[in-house]
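Peer 1: Keeping their order, the protein sequence lines are chains A and B.
Under this note's numbering, think of the first position of the first sequence as 8, with each following residue one higher.
Under this note's numbering, think of the first position of the second sequence as 465, with each following residue one higher.
Ideal Cβ placement from N, Cα and C applies to all residues, glycine included.
Just so it is clear, the structure is predicted and the values come from calculations on it, not from any experiment.
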Amino acid sequence: MKLIEKIKQKAFSKYLLWKTRPCRIKKYLDKKEIPDANRREPPDSGNVKIASAQVRLKMVSEPLEYVETMFRLVKRAYYEGAQIIVFPEYNFLQLLGMLPGIDKIAPKDKTAEKFGGIDLDGLDILDVFRFLTPVMKVIFATTYSELARLFGIYIITGSVLLSEKDGSVYSVAMLYDDKGRLVGQQKKLHLMPVEAEMGINCGQEIRVFDTRLGKIAFPICMDATYFETFRMLELMGADIVFLPIADNDYNEWKALRGIWPRVQESSVYGVKSALVGEILGMDFAGKSGIYAPMELTKNKDGIVVEAESADKEELVIGEVCLNKLHEFRRQKHIIGDRNLELYERYFPKLYENLYKEQ
Amino acid sequence: MKSVKVSCIQLNTADITSEENYYQTVSGLVEEAASLGSVLVTLPAYTQAFLLWEFNDLESYLNQSSEIINNRKQKFLEKHIKIAQNYGVYLLPGSFFSCKNGKIYHSSCMISPEGEVLLEQDQTHLSKRERNLGLQRGKILETVKTEIGGLGLCVGNDCYYPEVSRILTLRGADIILCPNAIEGEYNRWKQFAGMWQEVQQNQIFGMESCLVGELWDVTFDGRTTIYAPCEMTEGEKGILNIKHDGGTGFILASLSFDARERVIEHYPILKHLNRRLYRKMFPLLYKEREAD
Chain A
8 MKLIEKIKQK
18 AFSKYLLWKT
28 RPCRIKKYLD
38 KKEIPDANRR
48 EPPDSGNVKI
58 ASAQVRLKMV
68 SEPLEYVETM
78 FRLVKRAYYE
88 GAQIIVFPEY
98 NFLQLLGMLP
108 GIDKIAPKDK
118 TAEKFGGIDL
128 DGLDILDVFR
138 FLTPVMKVIF
148 ATTYSELARL
158 FGIYIITGSV
168 LLSEKDGSVY
178 SVAMLYDDKG
188 RLVGQQKKLH
198 LMPVEAEMGI
208 NCGQEIRVFD
218 TRLGKIAFPI
228 CMDATYFETF
238 RMLELMGADI
248 VFLPIADNDY
258 NEWKALRGIW
268 PRVQESSVYG
278 VKSALVGEIL
288 GMDFAGKSGI
298 YAPMELTKNK
308 DGIVVEAESA
318 DKEELVIGEV
328 CLNKLHEFRR
338 QKHIIGDRNL
348 ELYERYFPKL
358 YENLYKEQ
Chain B
465 MKSVKVSCIQ
475 LNTADITSEE
485 NYYQTVSGLV
495 EEAASLGSVL
505 VTLPAYTQAF
515 LLWEFNDLES
525 YLNQSSEIIN
535 NRKQKFLEKH
545 IKIAQNYGVY
555 LLPGSFFSCK
565 NGKIYHSSCM
575 ISPEGEVLLE
585 QDQTHLSKRE
595 RNLGLQRGKI
605 LETVKTEIGG
615 LGLCVGNDCY
625 YPEVSRILTL
635 RGADIILCPN
645 AIEGEYNRWK
655 QFAGMWQEVQ
665 QNQIFGMESC
675 LVGELWDVTF
685 DGRTTIYAPC
695 EMTEGEKGIL
705 NIKHDGGTGF
715 ILASLSFDAR
725 ERVIEHYPIL
735 KHLNRRLYRK
745 MFPLLYKERE
755 AD
């Protein structure tokens, strides 16, 4: 890269960091009418009220517009009595609007999945995410930490593409507690083919967080295509598994392949938060929802509540009971058996063989 | 490559009144399916019950000597071998009980058109009721390569354990066959949680034959279904054919291996298994759970 290009890039980076500086975001939120989170009633033991945001994409050139959208959704969740809110996968794409001229970028193919179809004139799109990483880190840390603290609500941020020191890029979601403290983060563990082709990396650590609201985990999107993710979480003691998603189209049957069967086979509650709308020629659609083992739901269908649309902004609110879940696990009749000898006999070798084949 | 026609038979216990009536019914259905071009036919779980009229309940049968249990199994197999040979089909004869080293297993098998038992499969995960009956878990999952593709058997409740279908798929199954008897009133969601989703997460074909009605004081209900990955089915439902009622009869579907290959090529789920993570976590987690 030429020296002048380097200087331009550095200057632009400084400009973006200035525009998204924490004190600016905090000042913006300070002007809002916010209830006193400390006056909030403590949650019922065993009952958890959950909000799942269905976020509709809208490109923003001003980061405070993004903060405003998240503020509006968290505020509504608070007034609905929610103790935790989850946001979708890629809940940062709106912020690409900060890049001048980005709206003129045309997709190579309208049906392209996620970022696979974006034409950046030969520029590696991962370089864009690498460049934006410091900015995204600040926006996410400030916005969600502040909102969690101000409303006294747990927040799962949805995911953002972040690069590490060695340049590797991961899809990462974060959890903030009701005091605004970062509890932890989770990297996406299984990639879409197009993400793998782009060079995004998959995480190698899976975590369950012990919180006041129970043991919670938040793998990301494709992770729910694989029973292995939820089996690990079940064995780690997870009660509620949150799943930020960003799917390119919605079909009720294809949607049924994700979190719903995983909830049934691993006896956990599941919460899905979907990204919807269109950005840079990429379409996203899906229904946010809250799911439970079918025996614990009114219609015996495994659905506690689900969004009405697959393409509009919605906030799905529902309540789950951890005591009922724990009782169900003790009583369950059909599932709940294990055959360790069988797994030990086959899995290590089968996974190894697959590795060699590839 | 190819496509093959297959059929799944559903039996309603109310329609079967005797051993002879059972064989007549099954032979008639297999004959009809074969005449329509089916090369592979499945029957539901617990078909051996129709040969055990003198026992009031399953418990009293399972309390018989190993000799009686294995003789009855042999008789059951011989009758079904004849049916497979008569109509020149691969036949999954439903399920039966077998005794090995004094332990009783709930099992199924695959019979070739020539009458050879290609594969015998014990159920590997048990419900509370099955454990209380003293049944044992199978410890082996085999598949068999045939001219119509790799076949694996998922017996009864094994369809609710994703480990089973994953192992069978990674061991070469293209079609997983499930002789089933789903306890309780009919609820279509129970089947989505079972074979439907096993097919989706492994991108294989699934054949599920259901037993319907009362048997040994237990109610069973389900709808016999032939499954395929969503992308290659009408309306992307993941269903090639389904029996819409609870009566005795059969359904037929054509399994297109080319279409399945295209689905996998576009969306190769198994290529993206996170093997490194599983290798690290599962031994540890199971060990911890065992210690609990």
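Check the Cβ-Cβ distances between R601 (chain B) and every residue of chain A, and say whether any is below 8 Å.
Peer 2: True, the Cβ-Cβ gap to chain A drops below 8 Å.
Peer 1: Taking contact to mean 3 or more Cβ pairs, one atom from each stretch, closer than 8 Å, check whether the segment 244–257 of chain A and the segment 278–288 of chain A are in contact.
Peer 2: Touching, yes, given that three or more Cβ pairs across the two stretches are closer than 8 Å.
Peer 1: In angstroms, rounded to a whole number, what distance separates the CA positions of T477 (chain B) and R652 (chain B)?
Peer 2: Rounded to whole angstroms, T477 (chain B) to R652 (chain B) spans 20 Å at the Cα level.
Peer 1: In chain B, which residues lie less than 9 Å from F291 (chain A) when you measure between Cβ atoms?
Peer 2: Going along chain B, no residue has its Cβ under 9 Å from F291 (chain A), so there is no contact; the nearest lies around 17 Å.
Peer 1: Assuming F291 (chain A) and N255 (chain A) make a contact with CB atoms under 8 Å, what is their CB distance in whole Å?
Peer 2: Confirmed, Cβ separation roughly 6 Å.
Peer 1: Tell me the rounded alpha-carbon separation between S720 (chain B) and P70 (chain A).
Peer 2: Taking the straight line joining both Cα atoms gives about 51 Å.
Peer 1: Name the chain B residues that come within less than 7 Å of A203 (chain A), Cβ to Cβ?
Peer 2: Under the 7 Å cutoff, chain B gives H736.
Peer 1: What is the DSSP secondary structure of F560 (chain B), counted as helix, strand or coil?
Peer 2: In this structure, F560 (chain B) counts as strand in the three-state DSSP scheme.
Peer 1: Say the cut is 7 Å; is the CB of N705 (chain B) nearer than that to a heavy atom of the ligand GDP?
Peer 2: Only the bare structure without any ligand can be found here, which leaves the ligand GDP out of the picture.
Peer 1: Could you compute how far the alpha carbon of V55 (chain A) sits from the alpha carbon of K15 (chain A)?
Peer 2: Rounded to the nearest angstrom, the two C-alpha atoms are 49 Å apart.
Peer 1: By alpha-carbon positions, which one of B:R601, B:R726, B:F746, B:L475 ends up nearest to E351 (chain A)?
Peer 2: Measuring from the Cα of E351 (chain A), the nearest candidate turns out to be B:F746.
Peer 1: Of all the residues that make up the segment 203–218 of chain A, which are near chain B by a beta-carbon distance shorter than 9 Å?
Peer 2: Those would be A203, C209, G210, Q211, E212, I213, in chain order.
Peer 1: Quick one: which chain A residues come within Cβ less than 7 Å of Q664 (chain B)?
Peer 2: Within 7 Å Cβ-Cβ: R264.
Peer 1: Below 8 Å, can you find three or more Cβ-Cβ pairs linking the segment 228–235 of chain A to the segment 185–192 of chain A?
Peer 2: Taking 8 Å as the limit for Cβ pairs, the verdict is that the segment 185–192 of chain A does not touch the segment 228–235 of chain A.
Peer 1: Does Q585 (chain B) pass the burial test, meaning 16 or more other C-beta atoms within 10 Å, or should it be called exposed?
Peer 2: So Q585 (chain B) ends up on the buried side.
Peer 1: To the nearest angstrom, report how far apart K34 (chain A) and Y625 (chain B) are at their CA atoms.
Peer 2: Answer to the nearest angstrom: the Cα atoms are 52 Å apart.
Peer 1: So what does DSSP say about R63 (chain A), is it helix, strand or coil?
Peer 2: Reduced to three states, the DSSP call for R63 (chain A) is strand.
Peer 1: Between the alpha carbons of L741 (chain B) and H197 (chain A), how many angstroms are there, rounded?
Peer 2: About 10 Å.
Peer 1: Run through the segment 592–622 of chain B for me and flag every whole alpha helix (DSSP H) of 4 or more residues, listed as ranges in chain order.
Peer 2: For the segment 592–622 of chain B, whole alpha helix (DSSP H) runs of length 4 or above, ordered along the chain, are 592–596.
Peer 1: Any beta carbon of chain B sitting closer than 8 Å to that of P200 (chain A)?
Peer 2: Output row for P200 (chain A): interface = yes.
Peer 1: Measure the beta-carbon distance from L590 (chain B) to V608 (chain B) and round it to whole angstroms, keeping in mind my assumption that it falls under 8 Å.
Peer 2: With a Cβ gap of about 24 Å, L590 (chain B) and V608 (chain B) do not count as contacting.
Peer 1: Leaving aside the five residues before and after E241 (chain A) along the sequence, list all residues of the same chain whose C-beta is less than 8 Å from its C-beta, in chain order.
Peer 2: Result list for E241 (chain A): S273, S274, V275, in chain order.
Peer 1: What residues from chain A crowd round I473 (chain B), counting only those whose CB sits closer than 8 Å?
Peer 2: In chain order: nothing, as chain A lies at least about 23 Å away.
Peer 1: Pick helix, strand or coil for Y353 (chain A), following the three-state DSSP scheme.
Peer 2: Reduced to three states, the DSSP call for Y353 (chain A) is helix.
Peer 1: So, is H544 (chain B) buried or exposed, given that buried needs 16 or more other C-beta atoms within 10 angstroms?
Peer 2: Buried, since its Cβ has 16 or more Cβ neighbours within 10 Å.
Peer 1: Compare the C-alpha of K21 (chain A) against each of A:I207, A:P141, A:D131, A:Y97 and name the closest.
Peer 2: Taking only the C-alpha atoms, the option nearest K21 (chain A) is A:P141.
Peer 1: Given a cut-off of 8 Å, decide if S482 (chain B) and I547 (chain B) are closer than it, judged by their beta-carbon atoms.
Peer 2: Taking 8 Å as the Cβ cut-off, I547 (chain B) and S482 (chain B) do not qualify as a contacting pair.
Peer 1: With burial defined as no fewer than 16 other Cβ atoms inside 10 Å of the residue's Cβ, what is the status of P268 (chain A): buried or exposed?
Peer 2: So P268 (chain A) counts as buried.
Peer 1: How would you label W25 (chain A), buried or exposed, when you count the other beta carbons within 10 angstroms and need 16 or more for buried?
Peer 2: Counting Cβ neighbours within 10 Å, W25 (chain A) comes out exposed, since fewer than 16 surround it.
Peer 1: Could you please tell me which residues of the segment 330–346 of chain A, in chain order, have their CB closer than 7 Å to any CB of chain B?
Peer 2: Listed in sequence order: H340, I341, I342, D344, N346.
Peer 1: Under 8 Å by Cβ, that's how I've got C618 (chain B) and L632 (chain B) pegged, so tell me the actual separation to the nearest angstrom.
Peer 2: Their Cβ separation, rounded to whole angstroms, is 7 Å, which keeps C618 (chain B) and L632 (chain B) in contact under 8 Å.
Peer 1: Going by DSSP in three states, D586 (chain B) sits in which element: helix, strand or coil?
Peer 2: Strand at D586 (chain B).
Peer 1: Which two residues bound the contiguous alpha helix (DSSP H) that contains N550 (chain B)?
Peer 2: 530–551 is the span of the alpha helix (DSSP H), which, as asked, contains N550 (chain B).
Peer 1: So M77 (chain A) is in the alpha helix (DSSP H); what residue range does that whole segment cover?
Peer 2: Taken as a continuous stretch (DSSP letters only), the alpha helix (DSSP H) holding M77 (chain A) covers 70–86.
Peer 1: Between K759 (chain B) and E348 (chain A), how many whole angstroms is the CB-CB distance? I'm expecting something under 8 Å.
Peer 2: Outside the shown range of chain B, which is 465 to 756, sits residue 759 (chain B), and nothing can be said about it.
Peer 1: Would you decide whether C674 (chain B) is buried or exposed? Buried here means 16 or more other CB atoms lie within 10 Å of its CB.
Peer 2: The residue is buried, with at least 16 neighbouring Cβ atoms inside 10 Å.
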